[in-house]
Amino acid sequence: MAKLQGLQADYVFRGTEHVVRMTVHGSVLEVEVEDRLTTDQWRGEFDAAFIEDLTHKTGNFKQFGIFCSMLESALSQSSESVTLDLLTYTTWRR
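Sequential numbering of the sequence shown, starting at 1, is according to UniProt numbering.
What follows is the structure, given as structure tokens:
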């Protein structure tokens with residue numbers, strides 16, 4: 001059975017408090033974000049191939065494990081060089 005790792009952290013995006021959960025099960029990353037005020041929730045599951053293809057398209061390729069480690073660092077705020085932002089459809093279109 002593949003290793004299961006997870007992290008839950010409070011994180012502020014654009015002045016709004018959220019709870020962010022990430023779970024890695026084998027080669028699948030699951031991310032859940034909940035707005036603390038409205039309790040709106042977003043959830044997504046992303047396999048290693050999707051993450052690696054997406055990072056390749058950005059011009060900054062990351063292997064799945066490295067990407068997950070960077071996400072964990074951003075959530076735990078253990079590195080000043082890695083940050084996190086939440087883009088909704090509305091903010092992305094601006």
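Just so you know, even glycine gets a beta-carbon here, dropped at the ideal spot from N, CA and C.
Could you say which of the options lies nearest to residue i if we only look at CA atoms?
{"i": "residue 100", "options": "T88, I66 and T58", "result": "Look at the range of the chain in this structure, 1 to 94, and you will see that residue 100 is not part of it."}
{"i": "V12", "options": "T58, T83, T90 and Q5", "result": "T83"}
{"i": "S27", "options": "L37, I51, G59 and N60", "result": "I51"}
{"i": "G6", "options": "S73, H56 and R14", "result": "S73"}
{"i": "R43", "options": "V20, G65, S81 and H56", "result": "V20"}
{"i": "Q8", "options": "R94, Q77 and T90", "result": "Q77"}
To the nearest angstrom, report how far apart residue i and residue j are at their CA atoms.
{"i": "M1", "j": "H25", "result": "In this prediction, M1 scores a pLDDT of 39, lower than 50, which makes its location untrustworthy; the coordinate-derived value is nonetheless stated afterwards. Distance between the alpha carbons of M1 and H25 is about 9 Å."}
{"i": "W92", "j": "L54", "result": "16 Å"}
{"i": "E34", "j": "A49", "result": "26 Å"}
{"i": "residue 131", "j": "R94", "result": "This structure cannot settle anything about residue 131, because the visible part of the chain is limited to 1 through 94."}
{"i": "E80", "j": "G59", "result": "21 Å"}
Report back the beta-carbon spacing between residue i and residue j to the nearest angstrom; my notes put them in contact at under 8 Å.
{"i": "T16", "j": "L37", "result": "7 Å"}
Count the other CB atoms within 10 Å of the CB of residue i; is the residue buried (16 or more) or exposed (fewer)?
{"i": "F61", "result": "exposed"}
{"i": "H18", "result": "buried"}
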